[in-house]
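Chains as they are written, first to last, in the working numbering: chain A, 1 to 180; chain B, 1001 to 1305.
From the three backbone atoms N, C-alpha and C, an ideal C-beta is built for every residue, glycine too.
The model shown is predicted, which means the values in this text are computed figures rather than measured ones.
These notes are about the structure you will find just below.
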Amino acid sequence: MDEERKAAFRNVYEQHYGSVLAFVLRRHPREGAEDVVQETFLAVWRRFADLPEPPLPWLYGTARNVLANHRRGEMRHVALSVKIAGTGVGEESGPTERAAGDPTVHRVLAGLPEADREILALVAWEGLSPTEVAAVLGCSGATARVRLHRARRRFARALEEAETGTGATTEATPATKEGT
Amino acid sequence: MKTTEAMTRLARANPVDARALAQEGRSPGAQAALDRIFAAATDPTVGAARGGGDTSSLKRSLLVLATLGLVAAAVMLYQLPLETPRSGQTSTPVAETVQQGPVDPEDLSVAGLPSPSDSSGDASFLSPHPTMTPLAPQTYAFPVPGSTHLLTQVEKADIVVLGTITEVSPTPSSGADDPGYTTFLVEPAEILLERAGSTPAVELPATGEGAPVKERLVFRALGPEVEGIGHRGGLAVGDQVVFIGTRHYPLGASSLPGFWLPLGDFSAYREQGGRFRRVAPAHEDPMGDSFTLPELREILAPYGR
Chain A
1 MDEERKAAFR NVYEQHYGSV LAFVLRRHPR EGAEDVVQET FLAVWRRFAD
51 LPEPPLPWLY GTARNVLANH RRGEMRHVAL SVKIAGTGVG EESGPTERAA
101 GDPTVHRVLA GLPEADREIL ALVAWEGLSP TEVAAVLGCS GATARVRLHR
151 ARRRFARALE EAETGTGATT EATPATKEGT
Chain B
1001 MKTTEAMTRL ARANPVDARA LAQEGRSPGA QAALDRIFAA ATDPTVGAAR
1051 GGGDTSSLKR SLLVLATLGL VAAAVMLYQL PLETPRSGQT STPVAETVQQ
1101 GPVDPEDLSV AGLPSPSDSS GDASFLSPHP TMTPLAPQTY AFPVPGSTHL
1151 LTQVEKADIV VLGTITEVSP TPSSGADDPG YTTFLVEPAE ILLERAGSTP
1201 AVELPATGEG APVKERLVFR ALGPEVEGIG HRGGLAVGDQ VVFIGTRHYP
1251 LGASSLPGFW LPLGDFSAYR EQGGRFRRVA PAHEDPMGDS FTLPELREIL
1301 APYGR
């Protein structure tokens, strides 16, 4: 085993494990989250030489797909969507999980299409740029920018409507896929 | 409602405290899992997390992949015209389309990462993926995606200070492996955020007899030899600034007392016309590159002081 390669991987692992775990915890119950993270890193280890720099978007993208596989494999509905505090989706508190700070925000977010929720969370919670979001979602940067622009606009509008009590909560039907 | 305001509120509503997980990779559980990953690499029958990794699942995966590949090819052919840029727009750079991604762990070899040779005739796959450069085993701040974002920086900062630069001292590089750094002394007007456990690194300047002694915070930034970080960006004595610092020293630096501006001029905001503007604009920061002091206070409010 190439010790240098192992050392490099260990460095990536230790540096990004927490970020990937946080990513998973936002989308999956605490139970089993570590398994998803470890499966993600196993996949990365097997193709470590191909890992691009910066690696984090790729780690997120791989974790996202591991989550999807878990959902399919377990044959039960674990929402592969942003975990919405206060809505009961994937809720299971842990020491690192905060109480829902702004129930209106979570309620509005829950009302958005899944594609919107995901891209908004990648930007607001994972702190990714549109180019990095594109790497996670496997689309072009231009597509990611367009989706983000629309999602932000819908979210802001829905949040305003929710707080002023005007109109429908969202302009799109919840949980529908958005085409771009 | 402005989208920036909505996004700020969303960022605050983050249900998971990633900062609390930052060291999780070094926990005994994670280290044990790492050993299992290495073991799995030498023995394909050993799984990483739960002893899985059976070959039947791989065969199943390949079958699914082949089916999906046919479907995907058909869908891509159908969708191609939708991706065509409008007239007057530039084409999407190849570098972006390369990011087809960290795809399915059911992908070839249960890997999850695409191979440069996974071309399937798609030009976007033909560009070589940049090979990762092994990183030195150093502690460093947060040179991670999105780290130029204001909210990300705030989330990971040890200190956010409003103050005035009173001294700028570049320390030149001493060799190929030393990028050099620049030290800024800042007379704080207000510590806007200070994480629990952080001890402000202060320097007491030599003063004339009887002159008041004022504490000054020490900040350092790499460079300017390191590309993209550490450039002083014209910061000078007398500038009113907001510095977002961390105690962790960046890659290529050594441990010195004081705070680091982990991304140099991306972590520094200079007052101009009533707004604090990022010294180096981060074009992709969805939150924008400037703020007023009240706006910053609002952003920091959930974190306390």
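Please say whether residue j and residue i have beta carbons closer to each other than 9 angstroms?
i, j, result
"A:A155", "A:L122", "Here residue 155 of chain A turns out to be Phe, not Ala, going by the sequence shown. Against a cut-off of 9 angstroms, the Cβ pair of A:L122 and A:F155 comes out as no contact."
"B:Y1269", "B:L1222", "no"
"A:A124", "B:N1014", "yes"
"B:D1265", "B:R1275", "no"
"A:A8", "A:T40", "no"
"A:L67", "A:V36", "yes"
"B:V1160", "B:L1193", "yes"
"B:R1216", "B:V1186", "yes"
"B:G1288", "B:L1150", "yes"
"B:A1018", "A:A22", "yes"
"B:G1234", "B:T1164", "no"
"B:P1262", "B:Q1153", "yes"
"B:I1299", "B:T1008", "yes"
"A:L159", "A:I119", "no"
"B:V1016", "A:L137", "no"
Between which two residues does the alpha helix (DSSP H) containing residue i stretch?
i, result
"A:A123", "According to the sequence shown, residue 123 of chain A is Val rather than Ala. Its alpha helix (DSSP H) spans residues E114 to A124."
"A:A135", "P130 to L137"
"B:L1296", "L1293 to L1300"
"A:E163", "G141 to T164"
"A:V108", "P103 to A110"
"B:T1004", "T1003 to R1012"
"B:E1194", "Run containing B:E1194: none in the alpha helix (DSSP H); it sits in the beta strand (DSSP E), Y1181 to E1194."
"B:E1155", "L1150 to K1156"
With burial defined as no fewer than 16 other Cβ atoms inside 10 Å of the residue's Cβ, what is the status of residue i: buried or exposed?
i, result
"B:P1294", "exposed"
"A:S19", "buried"
"A:T164", "exposed"
"B:D1158", "buried"
"A:S140", "buried"
"B:P1028", "exposed"
"A:P130", "buried"
"B:T1292", "exposed"
"A:E31", "exposed"
"B:D1035", "exposed"
"A:A135", "buried"
"B:A1236", "exposed"
"B:A1030", "buried"
"A:A110", "buried"
"B:A1006", "buried"
"A:A33", "buried"
How many Å lie between residue i and residue j at the Cα?
i, j, result
"B:F1243", "A:N69", "43 angstroms"
"A:R71", "A:A144", "25 angstroms"
"B:A1280", "A:G61", "29 angstroms"
"B:T1171", "B:V1218", "14 angstroms"
"A:R5", "A:L128", "27 angstroms"
"A:E53", "A:L42", "18 angstroms"
"B:R1026", "B:A1033", "11 angstroms"
"A:E14", "B:G1273", "43 angstroms"
"A:V44", "A:L56", "11 angstroms"
"A:V146", "A:V133", "12 angstroms"
"B:E1167", "B:L1256", "17 angstroms"
"A:A162", "B:A1022", "35 angstroms"
"A:A49", "A:D2", "12 angstroms"
"B:A1189", "B:R1297", "14 angstroms"
"B:T1183", "B:S1169", "5 angstroms"
"B:T1246", "A:R10", "23 angstroms"
"B:E1271", "B:L1162", "10 angstroms"
"B:I1191", "B:E1024", "29 angstroms"
"A:D102", "A:H28", "20 angstroms"
"A:S93", "B:K1156", "With a pLDDT of only 44 at A:S93, under 50, the local geometry of the prediction cannot be trusted, and the value read off the model is given with reservation. When rounded, the distance between both Cα atoms is 22 angstroms."
"A:V108", "B:W1260", "38 angstroms"
"A:D116", "A:R153", "10 angstroms"
"A:E47", "A:V105", "Note on residue identity: the sequence assigns Arg, not Glu, to residue 47 of chain A. Going from the Cα of A:R47 to the Cα of A:V105 covers about 39 angstroms."
"B:I1037", "A:E126", "25 angstroms"
"A:N65", "B:A1040", "20 angstroms"
"B:S961", "B:S1290", "Nothing about residue 961 of chain B can be read from this structure; chain B reaches only from 1001 to 1305."
"A:V12", "A:R157", "39 angstroms"
"B:H1248", "A:L51", "25 angstroms"
What residue does the beta strand (DSSP E) around residue i start on, and which one ends it?
i, result
"A:Q15", "No beta strand (DSSP E) contains A:Q15, which is instead part of the alpha helix (DSSP H) from E3 to L25."
"A:A39", "Checking the sequence shown, residue 39 of chain A turns out to be Glu, not Ala. Where A:E39 is concerned, there is no enclosing beta strand (DSSP E), although the alpha helix (DSSP H) it sits in stretches over A33 to R46."
"B:A1257", "Here the sequence assigns Pro to residue 1257 of chain B, which means Ala is not the residue at that position. Taken as a continuous stretch (DSSP letters only), B:P1257 belongs to no beta strand (DSSP E), as it is neither H nor E."
"B:Q1023", "Careful: B:Q1023 lies outside any beta strand (DSSP E) and carries neither H nor E."
"B:I1246", "Contrary to the premise, residue 1246 of chain B reads as Thr rather than Ile in this sequence. Taken as a continuous stretch (DSSP letters only), B:T1246 belongs to no beta strand (DSSP E), as it is neither H nor E."
Should residue i be counted as a contact of the ligand GDP given a C-beta to heavy atom distance under 8 angstroms?
i, result
"A:W45", "As presented, the structure is devoid of all ligands, the ligand GDP included, so that no description of it is given."
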